[in-house]
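A short worksheet on the structure shown next.
Number of protein chains: 2
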Amino acid sequence: MTLARTGGKRMDSLREFQARFDLSMEALCARILDRHAATIRVKKPAVAVANLARIVETTLTLANRKGFHSMSLRELAEQSGLSMGALYAYFDGKDTLLMMILGQVVGAVEEVLGHPPEDLAGDPVGRLRWLLAAHLYLTETMHPWFVFAYMEAKAFSKEGRDLAVANELATERLFAGALEDGVRGGLFAVSDVEMTAGLIKPLLQDWYVKRAKHRKRGVTPERYVEAVIGFVESAIGLGRTVEKPTVGTGENASAA
Amino acid sequence: MTLARTGGKRMDSLREFQARFDLSMEALCARILDRHAATIRVKKPAVAVANLARIVETTLTLANRKGFHSMSLRELAEQSGLSMGALYAYFDGKDTLLMMILGQVVGAVEEVLGHPPEDLAGDPVGRLRWLLAAHLYLTETMHPWFVFAYMEAKAFSKEGRDLAVANELATERLFAGALEDGVRGGLFAVSDVEMTAGLIKPLLQDWYVKRAKHRKRGVTPERYVEAVIGFVESAIGLGRTVEKPTVGTGENASAA
DNA sequence: CCAAAAAACGAGCGAGCGCTCGTTTTATAC
DNA sequence: GTATAAAACGAGCGCTCGCTCGTTTTTTGG
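Taken in order, these protein sequences are the chains called A and B.
In case it helps, the working numbering puts the first sequence at residues 3 to 258.
In case it helps, the working numbering puts the second sequence at residues 3 to 258.
This is how it looks when you write it as structure tokens:
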């Protein structure tokens, strides 16, 4: 039961996804360092990345527990093991810290979802599945980052909010693109592509926004991916008899 | 095209919903006054309700713009036209103000969704449609209240969070109940009722969480209800040929 | 081993917070 | 018209916030 492919290799599980994309805290903080080299006053990259990791890790924990605004920098200093002054060698204000994290979330989305494997270019069913699975595994891997970006959105500056909205719409466009291709090829029965794409998004977001609930029910990422794929494909007319017969791709969904 | 019934009267539009349920600011604040009569020091109900309305209205506006914690009581006093001291005649602390609003949201959900029209008791399709429509019209009518409850959830006290979680699960149980009945009657093809109910919830929540996006696209509440009903019914095997033929109810969905 | 550079430290600052309470204003009753 | 109760007022309290900066500690290179 192949869910989606990425560059010739299958992506059937969270483990395979994580093997393909390095989304470790160190890798992500290294990119934050690149992006904000101008404001970070610490010279040695190894030191900077290590401390950024502690700062970001602690920030995500505290902010996701009580909200970014309610988290004080004194608390961040204490929990992260750094001093107030040391923190200000890594950012020039609380808002910058927030934008560092948001920027990396947006960057990861673009990097992962922006380039689906080329061999799925002519395969709308496979591409849709790949997008659903990749989105879910991405948010699972960077769970606290996405919860942070989602919940603190209203606290963003104008540029931050615009960035978040643009990113969300871009993701929806990817879904809509796969749907359009499928409709054109007679694979999907969708009357309003934009609306349908807009309904898919919250299904995926629910995984990380309400992850505690799903976990309590014993639902794994893999099972949730399958449920969403089954639900969506049923809704758009796949997985059962459709007016126009399926062509080419084979590999239909099984269950919801 | 009847979407849902409530006590013999149809509920095809937001207008009809609002005619059946009094969810005006005054009615809601009157119930808040009842609930918190012990802590509110203002004696005359007319005065108390009028000022509560100003307080709640302003709180929802400010909190939904910048977050409840970032909103100061001085700002609330200024914007609502009351003084700092006057505010404390209506609540004994900022947290109590938050719980007043949350409590009324939970109360409204129970009141509206808790008692579906009796003539839908034996009609899973109609009851599911009624639940979807009622949920959406409820959140549309009390939009800022629901955004507040959703976004400030993590700022709640333990009892507040437990209340919110219990409320969410109760709502999902209503969906699951209709789904179970439909599966038992051979109307729906659903392999995991609990999971499916869990996927319906975020579709409805997206309406109020991202309402600005939907509004910008020109989507009305009525159109969104229809889209969700169509999407869900397709996903659970209604609206097209199913293994077991539909019995009794008639009235199938039309489009997504 | 030691000076210079890099990094970390943490008390202290002004501002703004939630909240209080002595006072003033407004509504009510005879 | 005035005495009393009800409601509103808003300066001020103690506290914590984001942020700064003079100082101390650690790392580096010859």
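C-beta: ideal position from N, C-alpha, C; glycine also.
All values derive from a computational prediction rather than experimental measurement.
Asked                                                                                                                                : Found
Within chain A, partners of leucine 201 of chain B - CB distance below 8 Å                                                           : Leu205, Asp208, Ala229, Val230, Phe233
Reduced DSSP secondary structure (H/G/I, E/B, other) of tyrosine 92 of chain A                                                       : coil
Inter-residue spacing [alpha-carbon to alpha-carbon] between arginine 129 of chain B and serine 15 of chain B                        : 16 Å
Partner residues on chain A for glutamate 196 of chain B, Cβ-Cβ distance less than 9 Å                                               : Arg219
For methionine 153 of chain A, the three-state DSSP class (helix, strand or coil)                                                    : helix
Methionine 153 of chain B: CB within 7 Å of a non-hydrogen atom of the ligand MN                                                     : The ligand MN is not part of the structure shown, which contains no ligands of any sort.
Closer than 8 Å at the beta carbon, the chain A residues around methionine 153 of chain B                                            : Met153, Lys156
Own chain, CB closer than 6 Å to leucine 205 of chain A, minus 5 neighbours either side, in chain order                              : Val230
Contact under 8 Å by Cβ, glutamate 154 of chain A with alanine 79 of chain A                                                         : no
Neighbouring residues, chain A, relative to alanine 166 of chain B (Cβ below 8 Å)                                                    : Per Cβ cutoff of 8 Å: no residues; alanine 166 of chain B is ~12 Å from chain A at best.
Within 8 Å, strictly: CB atoms of isoleucine 195 of chain B and alanine 178 of chain B                                               : First, the residue type needs correcting, since residue 195 of chain B is valine and not isoleucine in the sequence shown. Yes.
Glycine 184 of chain B to alanine 151 of chain B span [Cα, whole Å]                                                                  : 31 Å
Proximity test, Cβ basis, 8 Å: valine 96 of chain A and chain B                                                                      : It is lysine, not valine, that sits at residue 96 of chain A in the sequence shown. Not one chain B Cβ lies under 8 Å of lysine 96 of chain A.
Chain-ordered chain A contacts of lysine 68 of chain B [CB-CB under 8 Å]                                                             : Lys156, Ala157
Spatially closest choice to alanine 148 of chain A from A/Ala110, A/Ala32, A/Arg175, by CA coordinates                               : Going by the sequence as given, residue 148 of chain A is phenylalanine instead of alanine. Nearest of A/Ala110, A/Ala32, A/Arg175 to phenylalanine 148 of chain A, Cα basis: A/Ala110.
Nearest-angstrom Cα separation, counted from glycine 105 of chain A out to tryptophan 209 of chain A                                 : 21 Å
The segment 69 to 91 of chain B: positions lying closer than 7 Å to chain A by Cβ                                                    : Gly69, His71, Ser72
Cα-Cα separation between phenylalanine 190 of chain A and histidine 216 of chain B, rounded to whole angstroms                       : 23 Å
Under the three-state DSSP convention, the category valine 44 of chain B falls into                                                  : coil
Backbone secondary structure at valine 211 of chain B - three-state DSSP                                                             : helix
As assigned by DSSP and simplified to three states, the class of alanine 178 of chain A                                              : helix
Short CB-CB distance (under 8 Å) between alanine 172 of chain B and chain A                                                          : no
Test item: CB-CB of asparagine 53 of chain A and leucine 25 of chain A under 8 Å                                                     : no
Burial state of serine 236 of chain A (16 or more Cβ within 10 Å)                                                                    : buried
Interface flag, arginine 17 of chain B vs chain A, CB-CB below 8 Å                                                                   : no
Close-in-space but distant-in-sequence residues of the same chain around glutamate 170 of chain B (CB under 8 Å, 5 per side omitted) : Lys203
DSSP state of aspartate 125 of chain A mapped onto helix, strand, coil                                                               : coil
Neighbour list for glutamate 236 of chain A in chain B, Cβ cutoff strictly below 9 Å                                                 : Looking at the sequence shown, residue 236 of chain A is not glutamate but serine. Ala191, Ser236, Ala237, Ile238, Gly239, listed in chain order.
Member of A/Val51, A/Tyr226, A/Arg219 whose CA lies at the smallest distance from the CA of glutamate 142 of chain A                 : A/Tyr226
Simplified DSSP state of arginine 131 of chain B, which is helix, strand or coil                                                     : helix
Of the listed residues B/His137, B/Pro126, B/Ile103, nearest to glutamate 224 of chain B (C-alpha basis)                             : B/His137
Same chain, Cβ closer than 7 Å to cysteine 31 of chain A, five either side skipped, listed in chain order                            : Val51, Leu54, Ala55, Val58
Valine 49 of chain B beta carbon less than 8 Å from that of tyrosine 92 of chain B                                                   : no
Contact under 8 Å by Cβ, proline 126 of chain B with glycine 187 of chain B                                                          : yes
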